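As numbered in my numbering, the sequence shown has no gaps in its residue numbers, which increase by one up to the final residue, 179. Ideal Cβ placement from N, Cα and C applies to all residues, glycine included. Small disclaimer: the values here were computed from a predicted structure and weren't measured. Below is one structure, written out as structure tokens; the observations come after it.
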Amino acid sequence: EDMKELVLKLGMEIVRLAGVAGSTLSAKQTVQRHLSDGSALEKFKDMIRAQGGDTSFIDHPEKFPTAKHIRKLPAPKRGYVHTIDASKIARGVALLGAARDSHGKIDHAVGVSEIKKVGTQVKQGEPLMMIHYNDEAKLEQALDYFKEAYRLAPKRPIPPPLVVERVA
């Protein structure tokens, strides 16, 4: 849902700045039309092809590599997700193998998914995120970063806005 909202908001800005739409409503309708009729997806594929990419992965996501193991990061207690330190998650993912190793290799199958958002209520033991990994030793190194990334609190925080401000 966040990605949909962000694409819509950024698309509306682009359409308005390009002079294609004169109002916010018109810009929103234009973006929604291109998303629903498939023309936005085709333009995305054109951009991938122009950079030498393989667009078959879009139509067949099963072609992407998958990790051998998936493990949940359990919430240590009941509460609300108060803050998330994205830099700690990034460091943990890098340790899993998503960053270039000493041989210049990247493990494209590792990462995290289903990350609980700020403001989400969780029960003790409920997954804060799912960790996709191939190497148990690397997982052990990364776990501390993942655990440190989350701060839980007894009261629901006010979630931050998806778009903070318009600069242009």
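Given residue i as reference, the closest of the options once Cα atoms are compared
i: D169; options: K128, D146, V104; result: First, the residue type needs correcting, since residue 169 is Ile and not Asp in the sequence shown. The candidate whose alpha carbon is nearest that of I169 is K128.
i: G136; options: K39, K88, K79; result: K88
i: A153; options: V133, P138, R102, P172; result: R102
i: L84; options: L28, V42, K15, K134; result: K134
i: P171; options: Y156, I59, H93, M58; result: H93
i: G130; options: G90, E24, M23; result: G90
Same chain only: Cβ atoms within 7 Å of residue i, ignoring 5 sequence neighbours per side
i: H45; result: A51
i: T41; result: V26, V31, A32
Helix, strand or coil at residue i [DSSP, three-state]
i: T35; result: helix
i: I95; result: strand
i: R177; result: coil
i: A78; result: coil
i: V42; result: helix
Buried versus exposed call for residue i [16 or more other C-beta atoms within 10 Å across all chains shown]
i: I142; result: buried
i: A160; result: buried
i: A109; result: buried
i: A164; result: exposed
Other residues of its chain near residue i: CB distance less than 8 Å, five sequence neighbours each side excluded
i: I59; result: D65, T66, I69
Same chain, Cβ closer than 6 Å to residue i, five either side skipped, listed in chain order
i: L107; result: V121, Y144, K149, A153
Fill in: Residue ranges of each beta strand (DSSP E) within the stretch 108-162, 3 or longer
122-124, 138-144
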